[in-house]
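Q: Dropping a structure here in structure tokens format, bear with me for questions.
There are 6 protein chains.
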Amino acid sequence: MAQPISRFPVPRLEELPEDVRARILSVQDKVGFVPNVFLVLAHRPEEFRAFFAYHDALMEKPGALSKAEREMIVVATSNANHCHYCVIAHGAILRIRAKDALIADQVAINYRKADLAPRHKAMLDFAMKVALDAHAIDEHDFAALQGHGFDAEAAWDIGAIAAFFALSNRMANMADMRPNEEFYIMGRLPAPEARKV
Amino acid sequence: MAQPISRFPVPRLEELPEDVRARILSVQDKVGFVPNVFLVLAHRPEEFRAFFAYHDALMEKPGALSKAEREMIVVATSNANHCHYCVIAHGAILRIRAKDALIADQVAINYRKADLAPRHKAMLDFAMKVALDAHAIDEHDFAALQGHGFDAEAAWDIGAIAAFFALSNRMANMADMRPNEEFYIMGRLPAPEARKV
Amino acid sequence: MAQPISRFPVPRLEELPEDVRARILSVQDKVGFVPNVFLVLAHRPEEFRAFFAYHDALMEKPGALSKAEREMIVVATSNANHCHYCVIAHGAILRIRAKDALIADQVAINYRKADLAPRHKAMLDFAMKVALDAHAIDEHDFAALQGHGFDAEAAWDIGAIAAFFALSNRMANMADMRPNEEFYIMGRLPAPEARKV
Amino acid sequence: MAQPISRFPVPRLEELPEDVRARILSVQDKVGFVPNVFLVLAHRPEEFRAFFAYHDALMEKPGALSKAEREMIVVATSNANHCHYCVIAHGAILRIRAKDALIADQVAINYRKADLAPRHKAMLDFAMKVALDAHAIDEHDFAALQGHGFDAEAAWDIGAIAAFFALSNRMANMADMRPNEEFYIMGRLPAPEARKV
Amino acid sequence: MAQPISRFPVPRLEELPEDVRARILSVQDKVGFVPNVFLVLAHRPEEFRAFFAYHDALMEKPGALSKAEREMIVVATSNANHCHYCVIAHGAILRIRAKDALIADQVAINYRKADLAPRHKAMLDFAMKVALDAHAIDEHDFAALQGHGFDAEAAWDIGAIAAFFALSNRMANMADMRPNEEFYIMGRLPAPEARKV
Amino acid sequence: MAQPISRFPVPRLEELPEDVRARILSVQDKVGFVPNVFLVLAHRPEEFRAFFAYHDALMEKPGALSKAEREMIVVATSNANHCHYCVIAHGAILRIRAKDALIADQVAINYRKADLAPRHKAMLDFAMKVALDAHAIDEHDFAALQGHGFDAEAAWDIGAIAAFFALSNRMANMADMRPNEEFYIMGRLPAPEARKV
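Residue numbers (our numbering), protein chains in the order written: chain H, 508 to 704; chain D, 508 to 704; chain G, 508 to 704; chain E, 508 to 704; chain B, 508 to 704; chain F, 508 to 704.
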């Protein structure tokens, strides 16, 4: 009953422009497999380039938020959007970056009940408002963040990540993008066990 | 940052009425630990008895639905209700009963995109309508089930499970009920690995 | 144009297990007729037993809430769920327990505009949040109750009744459960008139 | 705990313009009391005149719909808008016009489960869409009505009544308009009993 | 692809009752064309009379709100209701009455982000609550208005305009009422340009 | 009362990286002014580059959709998200690309009632589902598009534009991005008049 990884045609690596193929191979080297989002979006190389440039600008550069914090935003907003791919793939990344096997499921299902500091709940309150009611964002929302030490640049980061995954969740849902099976277990085992898997 | 298992007082085993304690010990024997729902609800022994009697009538007795099918209903509707405890605990049971490490996360996040037969998507369409819009259930919903081989008794089972977890999800969310850590990993590893854990 | 009392088969009394039949006859003795919920749910005796055990634990035992307060919770949340049976049957019980011919219709339609003390509006604010948004319940909700003299045990009672009728409303809507005609007028007349009816 | 009949000042009859007072006295003659909506809206005589002219054009003139059908539309849409005054007052009128003691409560709570002919459910489907999602009304909605014998003029009537009570419900909710106690029981008793009350 | 101005029959002027025709001709004299709402609603002369009497009582008489303020309420709530006719026609009137070419589009799309004084945002907060959630209006809403200098009479005006356009928007959407092309540009050009158009 | 163009700092041109400044100057050359989105997003040059690369890949390249069709998608989904900047700026572009002074306001407020061919309504049905309910997109939605001649590649285009503006609308709402005044009138006048402005 396993579905294909996309409702749209998935290009073979050898058909792809050099830079797109190089990016994919470099991810494979680093992660050990090619996350399906790279193959699915490679159907449109120009959009692929912009998507990952945007992703990297928000998720990989130095900034006000730790990498684990960024992934919390992705996981919480992606479950609000019922995005299969993003919750599972970024749930794995969150577990690894937070070195916490439990956090991703908690944040996905109901961050208000998760084992999070009040500061992180405030961060996710803001992210969820951008995801679901951005039109009503106002100075009170920025003040609430400020009260937890998130300045204007941090607020931009939080909002921009929620906004980018608003796009990403919609693309994945439109394409029926399927997560790789590797993500489901990744980061769930203590390190020595993980090595054996 | 780990939260207590309940916002309400949690009784010690020795304080409990004999039958409640016996039920808890028997679960511990079978599962290897006491799922927190037993301890949290034991705060009110009479409600405890009724809750588990109802649960067992729906989830354990022979009937039109397989045990894995019943757990699919729990997992899908519980994520719609953002119920931390139920998604994680019943996600584990679903993985075990379906002998499928991937199915629980898929069903929780978006059953429409999951690796499910059309029959199971129809079952979950009905369950979600009972969970979210029961007032609008009508003969078309029963006919859709019928078209996939679910007769009236099966429809009752599907609807009653969705209705029971409407109660259960609300109790867990009101009480900030916390799932046991054991559930997160349960059923995610192939059997031999599982033994090593 | 009158509908049957259930979309599912309704057992005859003589077909029922002894304890279920006894319970039904005892209600008939007390109330003067058999409320349809007993007949409709008797289709599944085991679920019947658990349902009424749960109901009695919440609605009949001594506790922090008066019986009229408990019925207010049922009536307000059941109209939010558009549950025909529960609003009409429990509306009757509320009128009788509160000795107030007007209160049930007010609480059903819009408790915020009803002739209620602020304490009862706060009680229903909490109940409605459990009914409709339990995932967002947090310490502010408990503090608001506390401010009106409802302690943690009373909060459990309020939430548990709202949660139980989340189940009950969904079962009634799934089964197209029809209220007995007796309920519509019950408690609407001053006592001497009532005797004549 | 009984509330005033309006959050706004309520004029005394003798302060009112002659035509407004005359209208009120004539209603009193006919009904036996003055329904509060007349007193509450008399706060603004010009708006009062327009409101009741509009009301009469829709509810009293000959037309495609029976008077009972018109009241069904009022009752169903007014409960969707949680309008205390309109459900209770027009519920009474519906019981009388339909000569049916049960219909108003059924239609208010969930018209889909009420003892109604399919034709009346179709009528209320259209009315509810005008009340709640008028922007999405299209030719399919008119065709569905046509299939039950409601032509374009009848559709206008149904929609216009739903639209007028969208106004009326909002005014009543803004003003905390309180229904007269007489309405609660009106039409609930068989005719001979009613005479005794 | 241009649609007719109404889904219902539109009467010719000479068919209309004298007073309705006179009202239409007088508008034509003043505005330079006949706004389609007059022609569409003339299909039902009695409702036409009540509609415009109500409209004039709220929109034309002296009162607590300036004429531009009243039009802001119309434009904001009408876009919330996706009412094509009302946003475009009243957008034009708002531009003219406020002598501001930009304000109507801003208020329609998101008044929270518009170039408005806090007082006007508070006015529109109240209007939107009447339009969308009137059942939950309470003393806090009136207090918020009071804090911006809107007394109880002004609150009635704001709420009554929002309530009247709840009706108007639903009629326009039901009838597929089409705005005149003249409205789109009206008030968008500085006065001397406007004269040339 | 005019607001700043962003809640965040807006860089001066001379502070910007060469490529970002060049892009901005080239837009200024072509359009006659700098649309504020370029200045607001230049606060983060890396995100700026990715945003406009993505924008151009979807909005400027040859493809299955005409440029006017693409702008229809932007305008309809941006009003659903209450995005001030995008409705006003892309409304202008839509008027110009469609050579139609009326279409943008119609599509923004309620595309179902707009002067559009059924094919364009089907295109916008799909776009709105991606914008608002992407998790429920399924084969029926693609089949509906197919029935109007939109193949899978066209579906990707429609969905990807709706997804990209899900991001863009959220950024604009978070930043309180203000549209340039020039956009309001652009494309509203017949060409010769336009020249005079």
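A virtual CB, placed ideally from N, CA and C, is assigned to each residue, including glycine.
These figures come from a predicted structure and were not determined experimentally.
Determine, using beta carbons only, whether L609 of chain D comes closer than 7 Å to chain H.
A: yes
Q: Please tell me whether H642 of chain D has its Cβ less than 7 Å away from any Cβ of chain E.
A: yes
Q: Along chain G, which residues have their Cβ under 7 Å away from the Cβ of D467 of chain B?
A: Because chain B here runs from 508 to 704, residue 467 of chain B falls outside it and cannot be looked at.
Q: Using a 10 Å radius around the Cβ and a threshold of 16 neighbouring Cβ atoms, would you call H589 of chain F buried or exposed?
A: Classification for H589 of chain F: buried.
Q: Decide if the stretch 680 to 691 of chain G is in contact with the stretch 585 to 605 of chain G; the criterion is three or more beta carbon pairs, one per stretch, under 8 Å apart.
A: yes
Q: In the structure shown, what three-state DSSP assignment does R530 of chain B receive?
A: helix
Q: Could you name the residues of the stretch 548 to 582 of chain F whose beta carbon sits closer than 9 Å to any beta carbon of chain B, in the order they occur along the chain?
A: none
Q: Between A509 of chain G and chain E, is the shortest Cβ-Cβ distance under 7 Å, so that the two count as touching?
A: yes
Q: What residues of chain G sit near H655 of chain E, judged by a beta carbon separation below 9 Å?
A: Those within 9 Å of H655 of chain E in chain G number zero; the least Cβ separation is about 15 Å.
Q: Judging by CA-CA distance, which residue of B:A651, B:K628 and B:L652 is the nearest neighbour of D713 of chain H?
A: This structure gives no information on residue 713 of chain H, because the portion of chain H shown stretches from 508 to 704.
Q: Against chain E, with Cβ distances strictly below 7 Å, would V517 of chain G count as a contact?
A: no
Q: In chain B, what lies closer than 7 Å to V637 of chain E by C-beta?
A: Chain order gives the chain B residues near V637 of chain E as R677 and M681, where near means a beta carbon separation below 7 Å.
Q: Counting beta carbon pairs with one atom in the stretch 632 to 647 of chain F and one in the stretch 669 to 681 of chain H, are three or more of them shorter than 8 Å?
A: yes
Q: Cα separation between H562 of chain D and A650 of chain D?
A: 27 Å
Q: Pull up the distance between the alpha-carbon of K620 of chain D and that of Q613 of chain D, whole angstroms please.
A: 7 Å
Q: In chain order, what residues of the same chain lie with their CB nearer than 6 Å to the CB of G666 of chain F, ignoring the 5 residues before and after it?
A: Around G666 of chain F: V637.
Q: Beta carbon of P552 of chain F, beta carbon of V527 of chain F: below 7 Å?
A: Result yes, Cβ atoms of P552 of chain F and V527 of chain F sit closer than 7 Å.
Q: Report yes or no: is there a C-beta of chain B within less than 7 Å of the C-beta of R514 of chain F?
A: It does not; no Cβ of chain B falls within 7 Å.
Q: Is any beta-carbon of chain G found at less than 7 Å from that of A520 of chain D?
A: This sequence places Leu at residue 520 of chain D; Ala is not what is there. Not one chain G Cβ lies under 7 Å of L520 of chain D.
Q: Nearest to Q535 of chain D by CA position, among D:P697, D:E689 and D:G694, is which residue?
A: Each of D:P697, D:E689 and D:G694 was checked against the Cα of Q535 of chain D, and the nearest Cα belongs to D:E689.
Q: Considering just the uninterrupted stretch of the alpha helix (DSSP H) at G666 of chain F, what are its terminal residues?
A: A659 to A682 is the span of the alpha helix (DSSP H), which, as asked, contains G666 of chain F.
Q: How would you call P542 of chain E, buried or exposed, if buried means at least 16 neighbouring beta carbons within 10 angstroms?
A: buried
Q: Out of H:R556, H:A549 and H:A557, point me to the one whose CA is closest to L523 of chain H's CA.
A: H:A549
Q: Any beta carbon from chain B within less than 7 Å of G598 of chain E's own beta carbon?
A: no
Q: Provide the residue span of the alpha helix (DSSP H) that contains M693 of chain H, from first to last.
A: First-last for M693 of chain H: undefined, no H or E at that position.
Q: Use the C-beta contact count for F558 of chain F: other C-beta atoms within 10 angstroms, 16 or more gives buried, fewer gives exposed.
A: Buried: at least 16 other Cβ atoms inside 10 Å.
Q: Given that R622 of chain F touches chain B, what residues does it touch there, using C-beta distances under 9 Å?
A: Here the sequence assigns Asp to residue 622 of chain F, which means Arg is not the residue at that position. Ordered by position in chain B, the residues that pass the 9 Å Cβ test against D622 of chain F are M508, A509, Q510 and R685.
Q: How would you list, in chain order, the residues of chain D whose beta-carbon sits under 7 Å from the beta-carbon of E688 of chain H?
A: L609
Q: Could you tell me the alpha carbon to alpha carbon distance between G656 of chain F and H597 of chain F, rounded to whole angstroms?
A: 25 Å
Q: Could you pull out every residue in the same chain whose Cβ sits closer than 6 Å to the Cβ of D605 of chain F, ignoring the five residues on either side in sequence?
A: Looking at the sequence itself, residue 605 of chain F is Ala, so the reference to Asp does not match. Closer than 6 Å at Cβ, skipping near neighbours: A575.
Q: Between which residues of its own chain and G570 of chain D is the CB-CB distance below 7 Å, once the five residues before and five after are set aside?
A: D664
Q: Spell out whether any CB of chain B is found under 7 Å from the CB atom of L523 of chain H.
A: no
Q: Report buried or exposed for A529 of chain B, applying the criterion of at least 16 other Cβ atoms within 10 angstroms of its Cβ.
A: exposed
Q: Using 7 Å as the threshold, is the C-beta distance between A634 of chain H and A669 of chain H below it?
A: With a cutoff of 7 Å on beta-carbon distance, A634 of chain H and A669 of chain H are scored as near each other.
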